[in-house]
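Input: a single structure, listed below in structure tokens.
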Amino acid sequence: MRVTTTGNGDWVSGQRPLNWRQKILKLYPNGQAPLTAMLSMMSSSSVDDAEFNWWTQEQTSVGGDVAGVFTIADLSVAYVTGGVAGDTVFVHVTDSSVFNRVRQGHQILLRDASDYRVDVVGKITEVHRGANYEVYAVRLLEADDNSPTNDLSDCDTFKIIGNINPEGGEMPDAIALNPTKVYNYTQIFRTPLSITRTAMKTRLRTGDQYQKAKAEALEMHSWEMELAYWWGIRTENIGDNGKPERTTMGAINFIRQYAPTNCDDFGLNATYAGQTWAAGGETWFKQYLEQIFRYGADQKVAFVGSGVLLGIDALAMAGGQIHLVPGAKTYGMQIREWVTPFGSIYMKTHPLFSYDATTRNMMVILEPRELSYRYVDDTMFFGESSSKSHSSGYGQRRIDGLNEEWLTECGLEFGLPQKCAVLNGFGQDNDL
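Quick note on our numbering: the sequence shown kicks off at 43 and runs consecutively.
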């Protein structure tokens, strides 16, 4: 199975790289910059400014807590019992997450979270909005007799389940949702290449020294960008030359800033205090998988350190229920697939995570179809001409050799943060 993205697919036999980033994937498919390499086959677009923006909006069902149910609009008389179809009750709501998302004509389900037999359906006939509350006038469409032990006096939550409209009726009022603007900066990455004339002329058993140095500089360029894609923070300052200097926000800080509830460390989670990884790790991980897979596709890409695979393997050895299988090569890379009850996770071991003890037990989950590479200038190579003559003014700055460089100005767009996660502590016990 392949990971669904907005890119242009796997390599076709004989297909040549069309840009330098695709060359990184072709030459180093399982090297130190797998995210940089994967991006070359996914969505990308140029930008005409160093700051680029995107809008996020969480499309969820409308529902929330109920503060109380009353029989009079001024909330002076609490509902007791005995409501029948056609009666009007007044639902007091102080949950700000639903303010301005409920309108006249909505079909509402009134519930008791501890007894779902209570469920009563009604139609909202009026909405009264205050500074920190809303009151919904609800005409009951059925009698409040669904539960033998509880009724609407116990109602503590509601859910909008549609809208009700008569034949020939007027168009109802519209509801506008306010999206959140997210932005990032492009960062200028430069990796120089310097080689003397004598070195270029010297015959070596290891091959052409210049081509070797050029390839090594490209690889260094790629993994320095890779590190920024993961750990960079969004800043804008003035450089030493008096010109603007920016850094791009990486995936880890994006998730920590915009989806903090999707970030956790098993070893620091008080709920599992004192538990070993074998005792609590699987429950902890599945809890977060359920949370993450509420949004987006049923396929996620996870970049992991080697300690994560060891931790998951330990759970498999203990319970015998986890199976990691080699997936088909996706975007030129060998990826392990784990089919969970919530969706499939395609795990790619990240060498830079594995090398560092502080990230060896970390997993970063991304939504591949929303990941986009944005650039002012895509990866370019600035080489020197082999001509002996130089432009006017070169003078004493001429060196006995070549000074060249790789240059990229780019950043990443991540989409909706709720679809991503940063999880630590795989395979480690909780010592709280």
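C-beta: ideal position from N, C-alpha, C; glycine also. Because the structure is a prediction, the values reported are computed rather than measured.
- Between residue 473 and residue 315, the alpha-carbon positions lie close to 7 Å from each other.
- Pairing residue 465 with residue 412 gives a Cβ-Cβ distance that is not under 8 Å.
- For residue 344 against residue 389, the beta-carbon gap comes to about 5 Å, under 8 Å, which counts as contact.
- Across the structure, residue 198 and residue 155 are spaced so that their CA atoms are roughly 7 Å apart.
- When the alpha-carbon of residue 447 is set against those of 256, 266, 391, the nearest one is in 256.
- With respect to the C-alpha of residue 147, the residue from 166, 129, 103 having the closest C-alpha is 166.
- Look at residue 120 here: in three-state DSSP terms it is strand.
- Put simply, of 104, 93, 426, 98 the residue whose alpha carbon is nearest the alpha carbon of residue 150 is 104.
- Two segments are said to touch when three or more pairs of C-beta atoms, one from each, lie closer than 8 Å; by this definition the region 186-203 touches the region 122-133.
- Measuring C-alpha to C-alpha distances from residue 267 to each of 463, 470, 451 identifies 451 as the nearest.
- In terms of CA proximity to residue 259, 424 leads the group 424, 178, 116, 89.
- Ranked by Cα distance from residue 145, the options 426, 214, 290, 380 are led by 214.
- Per DSSP, reduced to three states, the secondary structure at residue 311 is coil, with no helix or strand assignment.
- DSSP places residue 164 in the uninterrupted beta strand (DSSP E) bounded by 157-171.
- The C-alpha of residue 237 is placed about 39 Å away from the C-alpha of residue 225.
- Annotated as distal: residue 334 and residue 223, with beta-carbon spacing of 8 Å or more.
- When beta bridges are read from the DSSP output, residue 408 appears opposite 343.
- Take residue 386, set aside five residues on each side of it, and the residues of its chain with a beta-carbon closer than 8 Å to its own are 43, 340, 341, 342, 379, 380, in chain order.
- A residue is called buried once 16 or more other Cβ atoms fall within 10 Å of its Cβ, and residue 281, having fewer, is exposed.
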